[in-house]
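Notes to accompany the following structure.
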Amino acid sequence: MKHRGRHRRRRRGRALRATLAGTALALTAAATAISASQATVADAEGALQPIGVSTAAGRLPLAEHRVPERWLDRLASEMGRPVGVATVLDDADRPLRNAAGCSTAEKRTLPVEPAATRAYCFDAADTRGWRPGAVTTSGDADDDGRWGEHRVILSGWTRGGVGGGSMDGPAPEQGLAKVAFVDADDSARLRYDWALLAVPVDGGRDYRGLVSPLSGMVWYQDKLLVTTREDDRDALYVYDMDRIQRATVESDAVGRVRGGWAAHGSRYVLPAVGSYTLPGGAGVPHPAAVSLDRSTSPDSLVASEWVPADADRRTRLWRYALSRDPARSGLLATGSGGRANPVEAYETGTADVRGVLAYRSGWYLDRAPGSPDGHGTLWRQDAGSARATECGTDETRHCWSGGSGSLSHGSGSLSYWEETGEVWSQSGRMLFALPLASIDRALG
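In terms of mature numbering (1 follows the signal peptide of the UniProt record, and there is no 0), the sequence shown is residues -26 to -1, 1 to 418.
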């Protein structure tokens, strides 16, 4: 797919940024109602420590596997010609409520300081039984911020919960994964539709649902990469945004059914076109959070593992180069052995990381709340320093997003929309954005 008008749309991005300040006032008022004042936490977790990518701690090769083309073609011949993102958006008829229409409990999950400048909530009835987990946008997909003519946000959800807020996978009967395709062309009127994530089986004669929590997701060029914990060796699944299939039967089933194809109630289904697996052996770390960094050359995928707060080891971060080969659009750069090796690796003292973002020299880490009613912490770290913000004169309430009760679980993904300068994230049912510049100001 060819994308047009990149440079002229830069002006539209600047105009959009200029409108954010007014929206921020209402959201700031709601956030500061639960904050007395701001304090700054400095260097509590220490700076990032570089580790060699050839050492045991820094090495994390990902082996690439492609679903045979004949499988995908067979599935398409049975289900009908694949469609693209624009077709899904044409069917988007589920509205996201603006922050003013969201409940007090939902808005308590928003960042306190810096405050969100835009915020929306999913309808409880439409997401009941599903857990939020990952966000990416057309700002990742293309540097003009659009996919074709559309601004798009993708929000990933997993069926069922995960006990204790851990990053371990859910039970198979709970773990279906789906993505909300959000039409964001009109910032005052966001609407979405669902696509189920699936994996082709039986030579492309059928598909099954992806059984994994969606803790990380990146849309780059025509590919969607999602983190997975289907088994001990799964790391990332790859989906092609030009290979979206229509479901033809409305049913809770998944795959081929009497009379056609079902996707657990979704109108669309995305069959995987590939995957990246980890090396075998005990103790191999899993990427749990991922995001795109457009400030490097070539563009890169950054990843963080999940380490519980009570663990006696540090959290590792990795960077992988993305391919520049037009024949490998949206995929990781691999060597002759078909493996993607990290080009950079670090360790950090920050635990329970639910979201990772890297831009220029800074790494931003979203640490989960310490309690169901608390707020998380957003750290900015580099090789020389570490900074975070807290709210309240007694320094007991962290300033970043969190939640009230069960809404605090299953969120934290970070995505930077470079064209508009915004960071997008999700907390509970709230989808929100704020300028990266305001985060940097809050972090000093």
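Yeah, the Cβ is synthetic: ideal placement off N, Cα and C, and Gly gets one too.
- With contacts defined as CB atoms closer than 8 Å, residue 249 and residue 208 qualify as a contacting pair.
- Residue state for residue 78 is assigned as helix, using DSSP reduced to three classes.
- Annotated three-state conformation of residue 49 is helix, per DSSP.
- Judged by DSSP secondary structure, residue 40 falls outside any alpha helix (DSSP H) and instead within the beta strand (DSSP E) spanning 36 to 40.
- By DSSP's assignment, residue 68 forms a beta bridge with 166.
- With a cutoff of 8 Å on beta-carbon distance, residue 375 and residue 83 are scored as near each other.
- Taking C-alpha positions only, residue 158 is separated from residue 109 by approximately 13 Å.
- Pairing residue 212 with residue 63, the inter-Cα distance amounts to about 21 Å.
- Between residue 194 and residue 118, the C-beta gap is not smaller than 8 Å, which leaves the two residues out of contact.
- Under DSSP, the beta-bridge partners assigned to residue 127 are 111 and 156.
- For residue 258, the secondary structure class from DSSP, reduced to helix, strand or coil, is coil.
- Pairing residue 172 with residue 243 gives a Cβ-Cβ distance under 8 Å.
- If you look at residue 252, you'll find it isn't in any beta strand (DSSP E); DSSP assigns it neither H nor E.
- According to DSSP, residue 399 shares a beta bridge with 388 and 406.
- The beta carbons of residue 129 and residue 151 sit about 12 Å from each other, so the pair does not count as a contact at 8 Å.
- When the beta-carbon positions are compared, residue 277 and residue 330 come within less than 8 Å of each other.
- In this structure, residue 27 sits away from residue 343, with a CB-CB distance that is not shorter than 8 Å.
- A Cβ-Cβ separation of about 14 Å leaves residue 259 out of contact with residue 293 under the 8 Å criterion.
- In the structure shown, residue 43 adopts helical secondary structure according to DSSP, grouped into three states.
- Contact annotation, residue 247 with residue 217: C-beta distance approximately 6 Å; criterion of less than 8 Å satisfied.
- Taking all protein chains in view, the Cβ of residue 176 is surrounded by fewer than 16 other Cβ atoms within 10 Å, so the residue is classified as exposed.
- A check of alpha carbon separations from residue 269 across 296, 38 and 339 identifies 296 as the nearest.
- The straight-line gap separating the alpha-carbon atoms of residue 335 and residue 413 is approximately 15 Å.
- By the Cβ test, the segment 36 to 45 is not in contact with the segment 319 to 330, since fewer than three Cβ pairs between them sit closer than 8 Å.
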